[in-house]
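*Asks:* My numbering puts the first residue of the sequence shown at 2, with every later residue one more than the last. The beta carbon of each residue, even a glycine, is placed where N, CA and C say it ideally should be. Keep in mind the model is a prediction, meaning the values are calculated, not measured.
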Amino acid sequence: MKHLKLQPSPLDPDAFKPFGDVIEAKAPKGYSINQGTATRFDDLAKIDVSTLGGRPLVNIFRGQPRKYLLEIKSLERHPLGSQTFIPLDKNPYLVVVALAKTTPKPDDLCAFLAAGDQGVNYRKGVWHHPLLTIKKPTDFLVIDRAGAGNNLDEIKISTNSLMITIEHTDIA
């Protein structure tokens, strides 16, 4: 059996740009509001859910920690809308993605380790692994698409002849 190991990189806006947006409140992007009692950070992600009359759907997902070594067996994508995950519990999590093309190959996968104060917004059609919570249960604010049409494609990526795993010292 062939074994492909993914090594997560720290989640960085430039490295993640082909897949979507990193949502984070970092200076100097913020500005003071409410008579100086708050800082506002604008336009952090392109939410794209209007295809076929879609509308934003705001949810909370509770992710359960995965066992490691984590085997990557499948990917999903949302062809009609972006999908946003913002951790509410400040816990780190993993992100596994591939560009929006017909069928990604194992070598197309990229893995990122997101800090607990970073969210992600997957572009429409970007392949990604379902939620990968590490260490402890974590709640995420999720902005998804509601409306007509099929907004979920799923594929198997590992087979009996290929195992894809993630190893990282920060997640063990």
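Would you mind working out which of 9, 75, 116, 88 sits nearest residue 104, comparing C-alpha positions?
*Replies:* 75
*Asks:* Just to confirm the assignment: which complete alpha helix (DSSP H) runs, minimum length 4, are found wholly within the region 46-85?
*Replies:* The qualifying runs do not exist here; there are none.
*Asks:* Assuming contact is defined by CB atoms lying nearer than 9 Å, are residue 40 and residue 54 in contact in what I supplied?
*Replies:* no
*Asks:* With residue 48 and residue 122 assumed to form a contact (beta carbons below 8 Å), what rounded beta-carbon distance in angstroms separates them?
*Replies:* 7 Å
*Asks:* Using a Cβ-Cβ cutoff of less than 8 Å, which residues in the same chain neighbour residue 119 once the five nearest sequence positions on both sides are dropped?
*Replies:* 12, 23, 24, 25, 88
*Asks:* Classify residue 92: buried if its beta carbon has 16 or more other beta carbons within 10 angstroms, exposed otherwise.
*Replies:* buried
*Asks:* With residue 154 and residue 77 assumed to form a contact (beta carbons below 8 Å), what rounded beta-carbon distance in angstroms separates them?
*Replies:* 7 Å
*Asks:* If you drop the 5 nearest sequence neighbours on each side, which residues of the same chain put their C-beta closer than 8 Å to that of residue 186?
*Replies:* No statement about residue 186 is possible, as the shown extent of the chain runs from 2 to 173 and does not include it.
*Asks:* Going by DSSP in three states, residue 14 sits in which element: helix, strand or coil?
*Replies:* Here residue 14 sits in helix by DSSP.
*Asks:* Secondary structure at residue 109, three-state DSSP: helix, strand or coil?
*Replies:* Three-state result, residue 109: helix.
*Asks:* Under a three-way DSSP split, which group does residue 4 fall into?
*Replies:* strand
*Asks:* What does the alpha-carbon distance come out to for the pair residue 81 and residue 124?
*Replies:* 10 Å
*Asks:* Determine the closest residue to residue 52 out of 166, 156, 147, 16, with distance taken between C-alpha atoms.
*Replies:* 147
*Asks:* Just the Cα atoms here: how many angstroms apart are residue 86 and residue 96?
*Replies:* 10 Å
*Asks:* From residue 37 to residue 45, what distance separates their C-alpha atoms?
*Replies:* 21 Å
*Asks:* Indicate whether residue 66 and residue 167 have their beta-carbon atoms separated by less than 9 Å.
*Replies:* Result no, Cβ atoms of residue 66 and residue 167 do not sit closer than 9 Å.
*Asks:* Quick one: is residue 145 buried, meaning 16 or more other Cβ sit within 10 Å of its Cβ, or exposed?
*Replies:* buried
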